[in-house]
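Residue numbers (this note's numbering): -15 to 446.
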């Protein structure tokens, strides 16, 4: 989801993992402790740089926001940066950036995260600030109205006034899924955003932003003993709060293709998004599905790029939209492509089906599978290189999977995927019955209204 635009200075915050990426046994050190108030604390020590990364993940995202308040989880993420009774608006950012650090936040289907990177000398200040806004915020009508307008403007810029408007990740779930938790627009409607009240905001913070619904993760130049002691110092006195029970938002695989057409007045060429429901978190099919996604649509060497862009010359690009590791509910593997005006969505889908059928029948040759897995492993280790990303990954895995050490298991899962696994998941999930399609067509251009002809001049009279 949206991330506040604050640049990261990551180069000084991390250990180079290039040597480790080639090994099979390198593990991120992980120590976990739960405080009496329910806050789970993770510390991952790494003393190669006098810096730290911090992440606080709250187990609430777009799936759990109130009905008739679409976009509320995202709105609340913005409000978390608007100050508290103890640290007024601006104090959070200036305290961290003034010491050479950076901070950010983002909203996802199943969680909201707040992250910081800074010299280790700033760790006390960061933890005080995070604990302070966990206790309460500066709830007031002026701030609420301001942030409602900010989110609405973000929607205008990123959706309403932008070609394609993120239809492949905003509109696709609305068509693909049946339950409200999975199929509403997490960005939010203007009506719902404007309807959010101060009581809504207070109740949301009370219900979902307590310590027992959060994970605090610290990575970098700190020992587990130091990290746990600081967590207890700043967060230990915050009382746990009752969290509303989660509804059952699970959904089975599709039983019939869903398909719609949309018109886009800003697009120059048509586009297509084809999404298939993915295996559930924890399924044995999830790692093979992740590898299959990269195999099909990651980079110029991918099967669909070579087949649709280079081979058949139907498409201008092929990209994937998928998030296999950081969701805790129904999710989609989506292929997005801009296709040429002289072809059609039917031709695009037929070409995709043809390439998928080859995989189902023949599997993947060893060299190709090794290349894809090697790149995925390198990407995983690169992602864990900055302390801020390492802390956030551990917090997210703990929050969604219940085990931060999943971050250490993903590489082995990827490496273990076989050609037979790829065949199985392709045959099971990439079916027409399990597919949702949006064909985004270019809206006809409205011809300008011709100006009325000027009246003929009349002869002058004497």
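For each residue, glycine too, the CB sits at the ideal point set by N, CA and C.
Could you check what DSSP says for residue 222 in three-state terms: helix, strand or coil? Counting from 1 along the chain shown, the entry for residue 222 is found at position 238. In the structure shown, residue 222 sits in coil (DSSP, three-state: anything other than H, G, I, E or B).
Starting from the C-beta of residue 196, find all residues in its chain whose C-beta is less than 6 angstroms away, skip the five residues before and the five after it, and write them out in chain order. Along the chain shown, read from residue 1 onward, the residue named residue 196 stands at position 212. So the list reads 22 and 224, once near-sequence residues are dropped.
What's the C-alpha gap between residue 236 and residue 311? Working through the chain shown from its first residue, we reach residue 236 at position 252. Working through the chain shown from its first residue, we reach residue 311 at position 327. Their backbone Cα atoms lie some 16 angstroms apart in a straight line.
Local conformation of residue 353 per DSSP, three classes: For this step, residue 353 is matched to residue 369 along the chain shown. Reduced to three states, the DSSP call for residue 353 is helix.
Could you check how far apart the C-beta atoms of residue 424 and residue 256 are, in whole angstroms? I think they sit under 8 angstroms. For the purposes of this step, residue 424 is identified with residue 440 of the chain shown, where counting begins at 1. For the purposes of this step, residue 256 is identified with residue 272 of the chain shown, where counting begins at 1. Right, their Cβ atoms sit about 7 angstroms apart.
List the endpoints of the continuous beta strand (DSSP E) containing residue 281. Against the chain shown, residue 281 aligns to sequence position 297. Looking at the DSSP string, residue 281 is not in any beta strand (DSSP E); the run it does join, the alpha helix (DSSP H), is 270 to 281.
Tell me, which residues are paired with residue 385 by DSSP? Against the chain shown, residue 385 aligns to sequence position 401. Bridge partners of residue 385: none, in fact.
Roughly how many whole angstroms lie between the Cα atoms of residue 182 and residue 137? Reading the chain shown from its first residue, position 198 is the one you call residue 182. Reading the chain shown from its first residue, position 153 is the one you call residue 137. Each residue's alpha carbon lies about 20 angstroms from the other.
For residue 162, which of 143, 240 and 147 has the nearest alpha-carbon? Numbered from 1 along the chain shown, position 178 holds the residue referred to as residue 162. For residue 162, the nearest C-alpha among the options comes from 240.
Please report how far the alpha carbon of residue 372 lies from the alpha carbon of residue 68, in whole angstroms. Counted from its first residue, the chain shown places residue 372 at position 388. Counted from its first residue, the chain shown places residue 68 at position 84. Approximately 24 angstroms between the Cα atoms of the pair.
With a floor of 4 residues, list each alpha helix (DSSP H) that falls wholly inside the segment 56 to 121, ordered by position along the chain. 56 to 63, 75 to 81 and 107 to 119
To the nearest angstrom, how far is the alpha carbon of residue 428 from that of residue 297? In the chain shown, residue 428 corresponds to position 444, counting from 1. In the chain shown, residue 297 corresponds to position 313, counting from 1. Distance between the alpha carbons of residue 428 and residue 297 is about 24 angstroms.
Based on DSSP bridge pairs, tell me the residues matched to residue 247. For the purposes of this step, residue 247 is identified with residue 263 of the chain shown, where counting begins at 1. Beta-bridge pairing links residue 247 to 425.
For residue 393 and residue 123, what's the separation of their Cα atoms in angstroms? On the chain shown, position 409 is the one that residue 393 refers to. On the chain shown, position 139 is the one that residue 123 refers to. If you take the alpha carbons of residue 393 and residue 123, they lie about 41 angstroms apart.
Does residue 409 come out as helix, strand or coil in the three-state DSSP assignment? The sequence position of residue 409 within the chain shown is 425, counting from 1. Reduced to three states, the DSSP call for residue 409 is helix.
Mind pulling the beta strand (DSSP E) runs of 3 or more residues that sit fully within the segment 305 to 354? 316 to 322
Would you kindly report the start and end of the unbroken alpha helix (DSSP H) that includes residue 186? Taking the first residue of the chain shown as 1, we reach residue 186 at position 202. From DSSP, the alpha helix (DSSP H) with residue 186 extends over 182 to 192.
Is the beta carbon of residue 321 less than 7 angstroms from the beta carbon of residue 346? Counting from one through the chain shown, the residue named residue 321 turns up at place 337. Counting from one through the chain shown, the residue named residue 346 turns up at place 362. Not a contact, by the Cβ cut-off of 7 angstroms.
Tell me, to the nearest whole angstrom, how far the beta carbon of residue 42 is from that of residue 198; I am working on the premise that it is less than 8 angstroms. If you number the chain shown from 1, residue 42 lands on position 58. If you number the chain shown from 1, residue 198 lands on position 214. About 5 angstroms separates the two Cβ atoms, so the contact holds.
Element boundaries [beta strand (DSSP E), containing residue 202]: Sequence index remark: in the chain shown, residue 202 carries index 218 (1-based). Taken as a continuous stretch (DSSP letters only), the beta strand (DSSP E) holding residue 202 covers 198 to 204.
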